[in-house]
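Q: There's a structure below that I have some questions on.
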Amino acid sequence: MRRIVLAAVTLSLALGCELDDNDWELDQSSGAATARGGRPAGAGGSGVGEAARAGSGGTKNAGGSGMAGASPSYPAPKITSMEPTTGAYGTLVTIRGEGLGNPELDGFVLALGNRGEVALTPTDEEAVVSWTDEEITFRFPFPAEGAVALEAPQSAEVAGEFQPTWHIAQELPQAPAASVLASISPTPDHIALLFDTRPPSLLDIGPEGVTEQAVTADDVEPESLRLYLNAQKKIEGVGVSTGAAPVIVHLQNVDDDLVATPTALELGATEYGVAGGSEGAAVWMHRDAGWFRARPSGATWTQDKGPIAEAHAGEPDRVSGATSDGSLFVAWSVTTGDFLDDMEAARMAKVAPTGTKFEGSLAAGPSVDDYVTQLTLTSRGDGLVVKTCGSDVDPFGLSGTSYYCFASLHTPSGASIMRVPLSETSAAYALTRERAVAAYCSSDQTWMIQTDADVAASPEVPAGEAVLFPCPQAVALEVSGEGGYLPVVRWAGKTYLLERNPNAVVDPE
């Protein structure tokens, strides 16, 4: 086991930075430039604006774009106000004053962040809403935090400070550029991530830093791997071996490293589901005689249930899935419309952890207009994620057929979120026994976190909480303690653990 301790990210209160042109890189899906490695500007230094005028910046018309420079009679910038001074990333911030520049003038740059993390010019098409001589309105972008300054050809002017409600807790420099196969929160304020490397790699991230744990998992199907907590609340794993006769593989905890040990349990299945979480783990196998279940008992995996007959095998769009408490689900599509309007929806039947048969059916998600085209059930934490894709057919043949997908989250206690917008790269889900939490990218490119409590409080418009702007690549999301979340995102090639910003004080409305 190799331990790497990272200090929490701290941000100095420098009001300007001199930056080497080589330190600039274009942030993902954005016209904003990110500055790395800058040093505080000394006396008389012109700061970020000078670097931007030299050709850096990365915005549409920055650096020799042909825009006219400010005439000698153009006033030096004078800022009279900036508001608000706190809010989520993506909050609209307005700076008022005179001599602030405009899209027709070159050499005006907003330097955002205590280390000049982001620089905006008047022609930025994503973050800047408007930029006139008297007023600038922009959406405060990730990952900037702190100082807001306007650099102009004549001088620089500090507008104030902006504290985002969420900010970077830690940068994870050793996090591989690979997808996360599974995650879990073993203790409060900790998140463990299992990465799809060869062999898989496991990082345990907490307030003290990052622990890199060894994983020995040769000949295991990567997509089958799940993490769970054993009876001692230690992280273990389970998966299915590759090869012609796959078996269940137990990833045992040996001094906090994970070592793969094949069990004697052969799958022998036409389909199977693997689940893991704080409730434990389970593998359900569909064989000719019906459904069979295996679960861990101490250090041994045993088959403890089956055969269980299923009456839904011939239903349209039928799929299956499992949850970490040992439950089994099958889902299929049903017609919910009438002769005037074609509509379909997903229904589910369940075998409870102690059950011996499928019981009733419940809604797996809301209806689609017109037809269900795909259903997917995926175990996530202690719950289940149902992905529903549908088609909307134009009956008149004027606009063709449109396709869309959404996710529905279900917990063992019955808490749910029935319709979460599905954005493949920005979506992340966390489910405990009692809570369902989803992160998604909204239509205005704000990364939102939504909970089942948001849905209960405002079922018509359960938007949730704004976290980042623009939407990042979501790596993982876990629930930590009462009301806390552990989001991990990837941005501009770097991986970050986020946390609520204690310096952001939002006045209640």
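Residues -10 to 498 in my numbering are what the sequence shown spells out, letter by letter. A virtual CB, placed ideally from N, CA and C, is assigned to each residue, including glycine.
1. Alanine 298 CB to nearest chain B CB: under 8 Å?
2. In whole angstroms, what separates the C-alpha of alanine 271 from that of tryptophan 155?
3. Leaving out five residues before and five after alanine 353 in sequence, what residues of the same chain have Cβ atoms less than 7 Å from its Cβ?
4. In whole angstroms, what is the alpha-carbon distance linking aspartate 441 and glycine 96?
5. When you compare the CB positions of alanine 158 and leucine 457, do they come within less than 8 Å of one another, or not?
6. Glycine 266 and glycine 344 - do their beta-carbons sit closer together than 8 Å?
7. Identify the residues that DSSP records as bridge partners of serine 432: which are they?
8. Determine which residues share a DSSP beta bridge with phenylalanine 151 and list them.
9. What does the Cβ neighbour count give for glutamine 221, buried or exposed, with the cut at 16 atoms within 10 Å?
10. Which value, in whole angstroms, describes the spacing of the CA atoms of valine 118 and tyrosine 78?
11. Do the stretch 130 to 144 and the stretch 178 to 196 touch if we need at least three Cβ pairs shorter than 8 Å?
12. According to DSSP, which residues form a beta bridge with lysine 339?
13. Between glutamine 439 and alanine 455, is the Cβ-Cβ spacing less than 8 Å?
14. Let me make sure I understand the geometry here. Which of Leu466, Glu134 and Thr121 has the alpha-carbon closest to that of alanine 100?
15. Given this structure, state the Cα-to-Cα distance separating valine 361 from alanine 300, to the nearest angstrom.
16. Span of the beta strand (DSSP E) holding aspartate 441?
17. Just the C-alpha distance for proline 177 and glutamate 268, rounded to the nearest angstrom, thanks.
18. Decide if tyrosine 392 is buried, meaning its Cβ has at least 16 other Cβ atoms within 10 Å, or exposed.
19. Leucine 475 and tyrosine 418 - do their beta-carbons sit closer together than 8 Å?
20. Taking the straight line between their C-alpha atoms, what separation do you get for glutamate 210 and glutamate 225?
21. Mind checking who proline 189 pairs with in its DSSP beta bridge?
22. Quick check on the burial criterion: 16 or more other C-beta atoms within 10 angstroms. Buried or exposed for glutamate 115?
23. Determine the extent of the beta strand (DSSP E) in which methionine 332 is found, giving its start and end residues.
24. Where does proline 92 fall in DSSP's three states?
25. Alanine 203 to alanine 481, Cα distance in whole Å?
26. Output the distance between the C-alpha atoms of proline 461 and valine 382, rounded to the nearest integer angstrom.
A: Reading off the structure:
1. The chain labelled as chain B is not found in the depicted structure, where only one protein chain is given.
2. On the sequence shown, position 282 is the one that residue 271 refers to. On the sequence shown, position 166 is the one that residue 155 refers to. Within the model, the alpha-carbon separation for alanine 271 versus tryptophan 155 is close to 35 Å.
3. For the purposes of this step, residue 353 is taken as the residue at position 364 of the sequence shown. Answer for alanine 353: Ala320, Ala335, Arg336, Met337, Val375 and Ser397, listed in chain order.
4. If you number the sequence shown from 1, residue 441 lands on position 452. If you number the sequence shown from 1, residue 96 lands on position 107. Looking at the two C-alpha atoms, the distance is approximately 48 Å.
5. Counting from one through the sequence shown, the residue named residue 158 turns up at place 169. Counting from one through the sequence shown, the residue named residue 457 turns up at place 468. Against a cut-off of 8 Å, the Cβ pair of leucine 457 and alanine 158 comes out as no contact.
6. The sequence position of residue 344 within the sequence shown is 355, counting from 1. The sequence position of residue 266 within the sequence shown is 277, counting from 1. When the beta-carbon positions are compared, glycine 344 and glycine 266 stay at least 8 Å from each other.
7. In the sequence shown, the residue the question calls residue 432 occupies position 443. According to DSSP, serine 432 bridges with nothing at all.
8. Here residue 151 is taken as the residue at index 162 of the sequence shown, counted from 1. Paired residues: Gly135.
9. To locate residue 221, count along the sequence shown from 1; it is residue 232. The residue in question, glutamine 221, is exposed, as its Cβ has fewer than 16 Cβ neighbours within 10 Å.
10. Taking the sequence shown and counting its residues from 1, the one referred to as residue 118 is at position 129. Taking the sequence shown and counting its residues from 1, the one referred to as residue 78 is at position 89. Taking the straight line from one Cα to the other gives about 15 Å.
11. For the pair of segments examined, the stretch 130 to 144 was found not to touch the stretch 178 to 196: the number of CB pairs separated by less than 8 Å stays below three.
12. Within the sequence shown, residue 339 is the residue found at index 350, counting from 1. Looking at the DSSP assignment, lysine 339 forms a beta bridge with Phe318 and Glu348.
13. Counting from 1 along the sequence shown, the entry for residue 439 is found at position 450. Counting from 1 along the sequence shown, the entry for residue 455 is found at position 466. Taking the C-beta atoms as reference points, alanine 455 is found no nearer than 8 Å to glutamine 439.
14. Taking the first residue of the sequence shown as position 1, residue 100 is located at position 111. Checked all of Leu466, Glu134 and Thr121; the closest Cα to alanine 100 is Glu134.
15. Along the sequence shown, read from residue 1 onward, the residue named residue 361 stands at position 372. Along the sequence shown, read from residue 1 onward, the residue named residue 300 stands at position 311. Rounded to the nearest angstrom, the two C-alpha atoms are 21 Å apart.
16. For the purposes of this step, residue 441 is identified with residue 452 of the sequence shown, where counting begins at 1. Counting along the chain, aspartate 441 falls outside any beta strand (DSSP E), though it belongs to the alpha helix (DSSP H) covering 441 to 446.
17. Sequence index remark: in the sequence shown, residue 177 carries index 188 (1-based). Sequence index remark: in the sequence shown, residue 268 carries index 279 (1-based). If you take the alpha carbons of proline 177 and glutamate 268, they lie about 16 Å apart.
18. One-based indexing of the sequence shown puts residue 392 at position 403. By the Cβ-count criterion, tyrosine 392 is exposed, with fewer than 16 other Cβ atoms from all chains shown falling within 10 Å of its own Cβ.
19. As a working mapping, residue 418 is identified with position 429 in the sequence shown. As a working mapping, residue 475 is identified with position 486 in the sequence shown. No, these two residues do not count as a Cβ contact at 8 Å.
20. The count along the sequence shown starts at 1 and reaches residue 210 at position 221. The count along the sequence shown starts at 1 and reaches residue 225 at position 236. Distance between the alpha carbons of glutamate 210 and glutamate 225: 16 Å.
21. On the sequence shown, residue 189 is found 200 positions in, with the first residue counted as 1. Checking the DSSP bridge columns, you'll see proline 189 has no partner listed.
22. Working through the sequence shown from its first residue, we reach residue 115 at position 126. Classification for glutamate 115: buried.
23. In the sequence shown, residue 332 corresponds to position 343, counting from 1. Per DSSP, methionine 332 belongs to no beta strand (DSSP E) and is neither H nor E.
24. Mapped onto the sequence shown, residue 92 falls at position 103. Coil at proline 92, not helix or strand.
25. Residue numbering aside, residue 203 sits at position 214 when the sequence shown is read from its first letter. Residue numbering aside, residue 481 sits at position 492 when the sequence shown is read from its first letter. Cα-Cα distance, rounded: 27 Å.
26. As a position in the sequence shown, residue 461 is number 472, starting the count at 1. As a position in the sequence shown, residue 382 is number 393, starting the count at 1. Computed Cα separation, rounded: 32 Å.
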